[in-house]
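To start, the structure itself, in structure tokens.
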Amino acid sequence: MSITTCVIPAAGFGTRFLPATKAQPKEMLPIVDTPVIQYLVEEAVASGITDIVIVTGRGKRSIEDHFDHSFELSHTLVEKGKTAELALVERVSTLANIAYVRQPIPRGDGDAILRARQFVGESPFLVLFGDDLVRGAVPAAKQIINAYERTLGCVVATEAIPDAKVHSYGIVETQGSGTLARVLRLLEKPKSTETASRRGVIGKYVVTPEIFDALESCGRSEGGELRLADALALLVKKEQNVHALTIEGRRYDTGDKLGFLKATVDFALEREDLGEEFREFLCRRIAEW
Numbered sequence: 405m406s407i408t409t410c411v412i413p414a415a416g417f418g419t420r421f422l423p424a425t426k427a428q429p430k431e432m433l434p435i436v437d438t439p440v441i442q443y444l445v446e447e448a449v450a451s452g453i454t455d456i457v458i459v460t461g462r463g464k465r466s467i468e469d470h471f472d473h474s475f476e477l478s479h480t481l482v483e484k485g486k487t488a489e490l491a492l493v494e495r496v497s498t499l500a501n502i503a504y505v506r507q508p509i510p511r512g513d514g515d516a517i518l519r520a521r522q523f524v525g526e527s528p529f530l531v532l533f534g535d536d537l538v539r540g541a542v543p544a545a546k547q548i549i550n551a552y553e554r555t556l557g558c559v560v561a562t563e564a565i566p567d568a569k570v571h572s573y574g575i576v577e578t579q580g581s582g583t584l585a586r587v588l589r590l591l592e593k594p595k596s597t598e599t600a601s602r603r604g605v606i607g608k609y610v611v612t613p614e615i616f617d618a619l620e621s622c623g624r625s626e627g628g629e630l631r632l633a634d635a636l637a638l639l640v641k642k643e644q645n646v647h648a649l650t651i652e653g654r655r656y657d658t659g660d661k662l663g664f665l666k667a668t669v670d671f672a673l674e675r676e677d678l679g680e681e682f683r684e685f686l687c688r689r690i691a692e693w
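405 is the number of the first residue of the sequence shown in our numbering; add one for each residue after it.
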């Protein structure tokens with residue numbers, strides 16, 4: 405079954421970016437001039453997705469406005485003859501069929517995904533989280549969709565991580581060390597001495613409809629959150645088909661301040677309109693240091 409739907413949980417508070425996220429969603433923070441969430445939507449569309457469900461919450465209305473048509477803005481750009489800017493904003497509103505569902509209280513990523521059930525139905529679907537951008541020859545979402553087509557089961561995106569970072573990640577232990585391997589166990593932020601695996605989970609998944617029943621039966625964490633990782637662990641325990649795929653490309657954790665800065669620098673350097681002058685500026689600053 406082909407995958408045409410993507411769910412993007414975007415209801416969190418973004419506390420790591422306060423005070424910037426006090427009055428705006430962290431997903432709308434721009435990498436140069438494009439919000440993070442637009443990069444995710446573009447990644448999904450480039451991977452064959454036609455329908456997107458964004459799970460929002462209080463204070464997230466600007467996400468809906470961003471992907472909506474703005475008559476006033478378009479009219480102003482037409483009057484001023486700004487055709488390039490007009491093409492940019494009109495493209496945003498036609499990227500995909502986007503629906504929105506509210507998560508009244510942030511109670512975990514699993515709770516957010518469960519609220520999209522009526523939109524997804526009984527089909528496998530893509531899940532993209534707003535903290536992970538990947539630059540590569542093939543979109544990361546397309547890579548895990550291709551892996552799903554080979555395995556016909558859930559696929560978890562992973563990357564190789566150093567020993568010092570193990571405690572900050574969900575870790576998967578797999579059957580074998582291949583790029584695509586069956587998951588035997590999921591561990592939530594273990595110590596580096598508790599597992600030999602260095603496959604860290606990043607926020608990109610393909611999940612099958614069985615995930616919804618798993619979410620409803622896996623139970624909430626001590627903090628009252630319903631977590632996708634716990635539901636996937638339950639499927640693994642039941643010996644259902646769950647695989648891990650090592651993603652090809654450079655990954656940026658835009659939910660972390662340093663990762664956000666790294667993404668901004670690299671994306672700016674790749675821009676035809678900014679790259680050369682920005683590179684010269686960076687070189688001058690480095691020389692001054």
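For each residue, glycine too, the CB sits at the ideal point set by N, CA and C.
Following the DSSP letters along the chain, one finds G663 in no beta strand (DSSP E) but inside the alpha helix (DSSP H) bounded by residues K661 to L673.
Following the DSSP letters along the chain, one finds A541 in no alpha helix (DSSP H), marked with neither H nor E. If only complete runs of 4 or more residues are kept, the segment 536-607 shows the alpha helix (DSSP H) at 544-555, in order along the chain. For F471, the secondary structure class from DSSP, reduced to helix, strand or coil, is helix.
At least 8 Å separates the beta-carbon of P528 from that of T425. Taking the CA atoms as reference points, L556 sits about 25 Å from G534. Sequence-distant partners of E620 (beyond 5 residues in either direction) whose C-beta falls short of 8 Å from its own C-beta, in its chain, are L518. Distance from the CA of Y443 to the CA of L537, rounded to the nearest whole angstrom, comes to 8 Å. The C-beta distance from D515 to L630 rounds to 4 Å, short enough to fall under 8 Å. The Cβ atoms of V449 and I412 lie no closer than 8 Å to each other. Between the alpha carbons of M405 and E614 lies a distance of about 14 Å. Here P439 is not near E447, since their CB atoms are 8 Å or more apart. Bridge partners of L532 according to DSSP: K608.
Here Q507 has A415, V459, G461, A516 and R519 as same chain residues with Cβ atoms under 6 Å from its own Cβ, once five neighbours each way along the sequence are excluded. By the Cβ criterion, the segment 639-651 is in contact with the segment 579-595, since at least three pairs of Cβ atoms, one from each stretch, lie closer than 8 Å.
Excluding the 5 residues flanking it on each side, G574 has same chain C-beta neighbours closer than 8 Å at L590, L591, E592, K593, G604, V605 and A633, in chain order. Secondary structure in the segment 412-462: the beta strand (DSSP E) runs of 3 residues or longer, each lying completely within the stretch, are 455-460 in chain order. Separation of the CB atoms of R602 and I565 is rounded to 5 Å, and the pair is thereby assigned contact status at 8 Å.
Non-local beta-carbon contacts of S572 in its own chain, meaning distances under 7 Å to residues more than five positions away in sequence, involve K593 in chain order. Looking at the backbone, the Cα of G580 and that of H647 are separated by about 11 Å. Around the C-beta of L686, fewer than 16 other C-beta atoms lie within 10 Å, and the residue is accordingly described as exposed.
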